[in-house]
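When we follow the numbering used here, the leftmost residue of the sequence shown carries the number 153, and every step to the right adds one. Just so it is clear, CB atoms sit at the ideal spot from N, CA and C, and this is done for glycine as well.
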Amino acid sequence: MPNVPPYRNQPLSFSSAVSKSGTFCADKSTLIVEVLQRLFTRKVAVSQLAGPVGIARIAGEAAETRGWFPKIGLASMISLNLGILNLMPFPILDGGLIFLLLIESTIRRDINVAVKERIYQAAFVVLMVFAAFVIFNDVTKLPVFTHLKP
């Protein structure tokens, strides 16, 4: 059973709820940038990333806990993280499209369609390999496979 953090049920006024939600989003959005920075500087292992299987496990734990905070908190964290990751300047994501549009606006002409296609194909392959790696990493963390590890 997961260790439930202590919480109290204290209703907030609308203005303080908006203020707290803004603080929550600001804190969590800087947290994902910090994690990405630590991944690139090798201060955090890539094996600590969680994909769909890990998210499903964490969602199950949140569903078993009492109260609404773990459920809504997890949903808001997932939504915020997906939004931030989607804005990363990776070619196949929205941030990459914005980045390519900025490049086109600075050179004042369109990038060749064949070049764009190759960029998107390479980005798609990298994204699929990364997704396969994260899913494999999640599956190997399942209790069924713990006896296979040395």
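Asked, Found
"The alpha helix (DSSP H) enclosing residue 178, as first and last residue numbers", "166-192"
"Start and end residues, alpha helix (DSSP H) containing residue 258", "246-259"
"Where residue 114 sits in the DSSP three-state scheme", "Residue 114 falls outside the range modelled here, since the chain spans only 153 to 302, and no answer is possible."
"Pick from 249, 191, 161 that is closest to residue 222, judged by C-alpha positions", "161"
"Spatial distance of residue 254 from residue 293 (CA atoms)", "41 Å"
"Continuous alpha helix (DSSP H) stretch holding residue 237: start and end", "221-238"
"Option nearest residue 290 by Cα separation, candidates 173, 170, 203, 214", "203"
"Short Cβ contact (7 Å threshold) for residue 241 with residue 271", "no"
"Reduced DSSP secondary structure (H/G/I, E/B, other) of residue 294", "coil"
"Rounded C-alpha distance that separates residue 170 from residue 211", "25 Å"
"For residue 242, three-class secondary structure by DSSP", "coil"
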